[in-house]
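Novice:
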Amino acid sequence: MKLRLYDTYTRSLREFEPLRSDYVGMYACGPTVYDYAHIGNLRTYLFEDFLRRTLEFNGYTVKHVVNITDVGHLTSDADTGEDKMEKGARKAGKTAWEIAEMYTQAFKEDIRRLNIKEPTIWCKATDHIKEQIEFIQCIERKGFTYRTSDGIYFDTSKLKNYGYLARLDIDGLQAGARVDVGEKKSPTDFALWKFSPKDQKRQMEWESPWGIGFPGWHIECSAMSVRYLGEYFDIHCGGEDHINVHHTNEIAQTEACYGTRLANFWLHGHFLQLDAEKMSKSAGEFLRLQSLIDRGYDPLAYRFFCMSAHYRAKLNFTWESLDSAAYSLDRLRNLVYEWGEPGTVHQDWVERFRDEVNDDLNLPRAVALTWELTKSDLSPADKKATILIFDQVLGLSLGDWEPKEEVIPPQVLELVEKRQQARQQRNWPEADALRAKVGELGYEIEDTPQGPKVKRKKG
Ligand SMILES: [Zn+2]
């Protein structure tokens, strides 16, 4: 089956064809680095990783660009409130630059631990102020801007298609706008450039043709995507929360300046739901990847857990479901390890796997097929060779995994040693009794030509 993806822009499943022959351009909105990433945010980055790996599985070279928002993201989407970076900095008693660096590194570490492929290009908003100013100038030249006392705004009423991605009901929004829109002409208008407050020096601010200030949140993605991927590229993706405001505004900016809707495909990953009732003990607990690791989970168990639902379906997080993912992953790893050296790849299985992932990244069915393979009548070596091909998309590092050297408690080792002595003295009743004692402690003894081997009992 050829790759089909669900495009939010057209609200339809469409067959994917790259725009260029040499690479697939893919832009994913990255983190705002004022805090750690929540496991819900990480579900979105995992979906994007499955997308990229599926494209590569189909033979495409992917140019994957992810931005780091380190300025301009205000606490309210309505362009009011404080800059998240400056607020986070104040909370942490550090400079905005310091916390941006700290949380960027923490984010990259999370990505690495989840086996998410590094983007081809990371780009920081603060490294591209010049590009953003030039982009705003372009929008201004085309006549889509106006000035208020606190910034330069995008006039959404001038763009006839504004809000199409989200199917926004503009008239309804106008009528229902009870909130004070300030000097904005319309509630959907948004800031392109915000002026620094007159009475206060911001930590992050720049000169511009309009006055000292900082870019609005949306302009960085339009400016950096055109810089690295061109005026119209293959895929733009992000979390579903970006549809109504952020992605709608990115499209408006690019449409105003270049007349394109930015990307041929718009893909959105759905949210993770935290089971509010069951999680109430930890109400207010901010679950990040490290919180799972602190509780003894392997980060890849979370990756495996996220494959249990389609990226456009809701996924409910509970500790029980994470436990079950961790258990299944462990079982899969052990099986693959025990299969030994890889033999021959079975192309018919690979094509069945491709059909599943090419059907709009159906990971739950791809995982089900993986279990079916483990139970098939292929030889262990051929199963291994074939599953390692699947793993190019699954990203579980199945080929590298080895069981950890088990630490056997000293009292167990002592009993095993005594049993060896009893056996040498041919005292079989004593040897059996000692074996039973070892069993009571949860261990079993396997007698091999190299001597007894002790391991934890299974199950
Ligand atoms: Zn963005």
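For the record, in the sequence shown the residue sitting at position 101 is 102 according to this note's numbering, with numbers rising by one throughout. The C-beta atom is built at its ideal place from N, Cα and C for all residues, glycine as well. Keep in mind the model is a prediction, meaning the values are calculated, not measured.
1. Go ahead and pull the three-state DSSP assignment for residue 234.
2. Kindly examine ligand 1 and report whether one of its heavy atoms sits closer than 7 Å to the Cβ of residue 251.
3. Confirm, please, whether the CB-CB distance from residue 147 to residue 37 is below 8 Å.
4. Any chance the CB of residue 270 is under 7 Å from a heavy atom of ligand 1?
5. Going along the chain, which residues of its own chain have a beta-carbon closer than 6 Å to the beta-carbon of residue 225, five neighbours each way excluded?
6. Going along the chain, which unbroken runs of the alpha helix (DSSP H) with 4 or more residues stay wholly within the region 158-246?
7. Considering only C-alpha positions, which residue in the set 88, 452, 326 and 228 is nearest to residue 65?
8. Is residue 158 near residue 187, with beta carbons less than 8 Å apart?
9. Is residue 239 a contact residue of ligand 1, with contact defined as CB to any heavy atom under 7 Å?
10. Could you name the residues whose beta carbon sits closer than 5 Å to any heavy atom belonging to ligand 1, keeping them in chain order?
11. What do you reckon, are the CB atoms on residue 231 and residue 26 nearer than 8 Å?
12. Let me know the secondary structure DSSP gives residue 267 once reduced to three states.
13. Going along the chain, which unbroken runs of the alpha helix (DSSP H) with 4 or more residues stay wholly within the region 380-404?
14. Ignore the nearest five residues each way along the sequence and tell me which others in residue 20's own chain have a CB closer than 8 Å to its CB.
15. Are there 16 or more other CB atoms within 10 angstroms of the CB of residue 209, so buried, or fewer, so exposed?
16. Assign residue 10 to one of three DSSP states: helix, strand, or coil.
17. In or out: residue 359 buried (at least 16 other Cβ within 10 Å) or exposed?
18. Do you know offhand how far residue 201's Cα is from residue 154's?
19. In its own chain, which residues sit with a C-beta less than 6 Å from the C-beta of residue 284, not counting the 5 before and 5 after it?
20. Could I get the ranges of all uninterrupted beta strand (DSSP E) runs contained in the region 75-158, with 3 residues as the minimum, in chain order?
21. Whose C-alpha, out of 378, 353, 28 and 6, is nearest the C-alpha of residue 370?
22. Using the beta-carbon count (16 or more within 10 Å), is residue 205 buried or exposed?
23. What separation, rounded to the nearest whole angstrom, lies between the Cα atoms of residue 3 and residue 297?
24. Please classify residue 164 as buried or exposed, where buried requires at least 16 other C-beta atoms within 10 Å of its C-beta.
25. Rounded to a whole number of angstroms, what is the C-alpha to C-alpha distance between residue 138 and residue 251?
26. Would you please state the rounded distance, in angstroms, between the beta carbons of residue 271 and residue 334? I believe it to be under 8 Å.
27. Output the distance between the C-alpha atoms of residue 14 and residue 7, rounded to the nearest integer angstrom.
28. For residue 133, is the classification buried or exposed, using 16 other Cβ atoms within 10 angstroms of its Cβ as the cut-off for buried?
29. Please name the residue or residues paired with residue 453 in a DSSP beta bridge.
30. Can you tell me where the beta strand (DSSP E) holding residue 318 begins and where it ends?
31. Taking only three categories from DSSP, how would you classify residue 426?
32. Using a Cβ-Cβ cutoff of less than 6 Å, which residues in the same chain neighbour residue 9 once the five nearest sequence positions on both sides are dropped?
33. Residues bridged to residue 363 by DSSP?
34. May I ask you to list the residues that DSSP assigns as paired with residue 27?
35. Rounded to a whole number of angstroms, what is the C-alpha to C-alpha distance between residue 429 and residue 408?
36. Who pairs with residue 33 in a beta bridge, going by DSSP?
Specialist: Reading from the atomic positions:
1. The count along the sequence shown starts at 1 and reaches residue 234 at position 233. Residue 234: strand per DSSP, three-state reduction.
2. Here residue 251 refers to the residue found at position 250 of the sequence shown. Answer for residue 251: yes, Cβ within range of ligand 1.
3. Within the sequence shown, numbered from 1, the residue matching residue 37 stands at position 36. Within the sequence shown, numbered from 1, the residue matching residue 147 stands at position 146. Result no, Cβ atoms of residue 37 and residue 147 do not sit closer than 8 Å.
4. Here the question's residue 270 lines up with position 269 in the sequence shown. No, the Cβ of residue 270 stays beyond 7 Å of every heavy atom of ligand 1.
5. Taking the sequence shown and counting its residues from 1, the one referred to as residue 225 is at position 224. For residue 225, where only same-chain residues beyond five positions count, the Cβ hits under 6 Å are 68, 124 and 129.
6. If one requires a minimum length of 4 residues, the alpha helix (DSSP H) runs lying completely within the region 158-246 are 171-177 and 220-230, in chain order.
7. Position 64 of the sequence shown holds residue 65. Of 88, 452, 326 and 228, the residue nearest in Cα terms is 228.
8. Within the sequence shown, numbered from 1, the residue matching residue 158 stands at position 157. Within the sequence shown, numbered from 1, the residue matching residue 187 stands at position 186. The beta carbons of residue 158 and residue 187 sit closer together than 8 Å.
9. Along the sequence shown, one-based indexing puts residue 239 at 238. Residue 239 Cβ: within cutoff of ligand 1.
10. Those satisfying the condition are, in chain order, 30 and 222.
11. Reading the sequence shown from its first residue, position 230 is the one you call residue 231. Reading the sequence shown from its first residue, position 25 is the one you call residue 26. With contacts defined as CB atoms closer than 8 Å, residue 231 and residue 26 qualify as a contacting pair.
12. Start at 1 with the first residue of the sequence shown, and residue 267 comes out as number 266. The answer is strand: DSSP assigns residue 267 an E or B state.
13. Scanning the region 380-404 from its first residue to its last, the whole alpha helix (DSSP H) runs of 4-plus residues come out as 381-395.
14. On the sequence shown, residue 20 is found 19 positions in, with the first residue counted as 1. So the qualifying residues of the chain are 26, 233, 234, 235 and 265.
15. Position 208 of the sequence shown, counted from the start, is the residue given in the question as residue 209. By the neighbour-count definition (other C-beta atoms within 10 Å, threshold 16), residue 209 is a buried residue.
16. Here the question's residue 10 lines up with position 9 in the sequence shown. Here residue 10 carries a coil assignment [DSSP, helix/strand/coil].
17. Looking up residue 359 in the sequence shown gives position 358. Counting Cβ neighbours within 10 Å, residue 359 comes out buried, since at least 16 surround it.
18. Counting from one through the sequence shown, the residue named residue 201 turns up at place 200. Counting from one through the sequence shown, the residue named residue 154 turns up at place 153. So the two alpha carbons sit approximately 21 Å from each other.
19. Along the sequence shown, read from residue 1 onward, the residue named residue 284 stands at position 283. Residue placement at residue 284 is flagged as unreliable, the pLDDT there being 47, under the threshold of 50; the coordinate-derived value follows with that caveat. There are no such residues.
20. Those beta strand (DSSP E) runs which fall completely within the region 75-158 and span 3+ residues are 122-125, 146-148 and 152-155.
21. Position 369 of the sequence shown, counted from the first residue, corresponds to residue 370. Among 378, 353, 28 and 6, the Cα nearest to that of residue 370 belongs to 353.
22. Locating residue 205 in the sequence shown gives position 204, where the first residue counts as 1. It is buried - the Cβ of residue 205 has at least 16 other Cβ atoms within 10 Å.
23. Within the sequence shown, numbered from 1, the residue matching residue 3 stands at position 2. Within the sequence shown, numbered from 1, the residue matching residue 297 stands at position 296. Approximately 40 Å, taken between the alpha carbons.
24. Working through the sequence shown from its first residue, we reach residue 164 at position 163. Its Cβ being crowded by 16 or more others within 10 Å, residue 164 is buried.
25. Position 137 of the sequence shown, counting from 1, holds the residue named residue 138. Position 250 of the sequence shown, counting from 1, holds the residue named residue 251. Rounded to whole angstroms, residue 138 and residue 251 show a C-alpha spacing of 15 Å.
26. Residue mapping note: residue 271 aligns to position 270 of the sequence shown, counting from 1. Residue mapping note: residue 334 aligns to position 333 of the sequence shown, counting from 1. About 28 Å separates the beta carbon of residue 271 from that of residue 334, a gap too long to meet the 8 Å contact definition.
27. Position 13 of the sequence shown, counted from the start, is the residue given in the question as residue 14. Position 6 of the sequence shown, counted from the start, is the residue given in the question as residue 7. The straight-line gap from Cα to Cα measures roughly 4 Å.
28. Your numbering for residue 133 matches position 132 in the sequence shown. That one is buried.
29. The residue given as residue 453 occupies position 452 in the sequence shown. DSSP, once it has assigned bridges, lists 448 as partnering residue 453.
30. Reading the sequence shown from its first residue, position 317 is the one you call residue 318. Here the beta strand (DSSP E) through residue 318 covers 316-318.
31. By 1-based counting over the sequence shown, the position of residue 426 is 425. Residue 426 sits in coil when the DSSP states are folded into three classes, being neither helix nor strand.
32. Along the sequence shown, one-based indexing puts residue 9 at 8. Counting only residues of its own chain and dropping the five nearest sequence neighbours on each side, residue 9 has a CB closer than 6 Å to the CB of 267 and 269.
33. Walking along the sequence shown from the start, residue 363 turns up at place 362. None; residue 363 has no bridge partner.
34. Stepping through the sequence shown from its first residue, residue 27 is reached at position 26. Beta-bridge pairing links residue 27 to 65 and 236.
35. Taking the first residue of the sequence shown as position 1, residue 429 is located at position 428. Taking the first residue of the sequence shown as position 1, residue 408 is located at position 407. The C-alpha of residue 408 is placed about 27 Å away from the C-alpha of residue 429.
36. For the purposes of this step, residue 33 is identified with residue 32 of the sequence shown, where counting begins at 1. Paired residues: 70.
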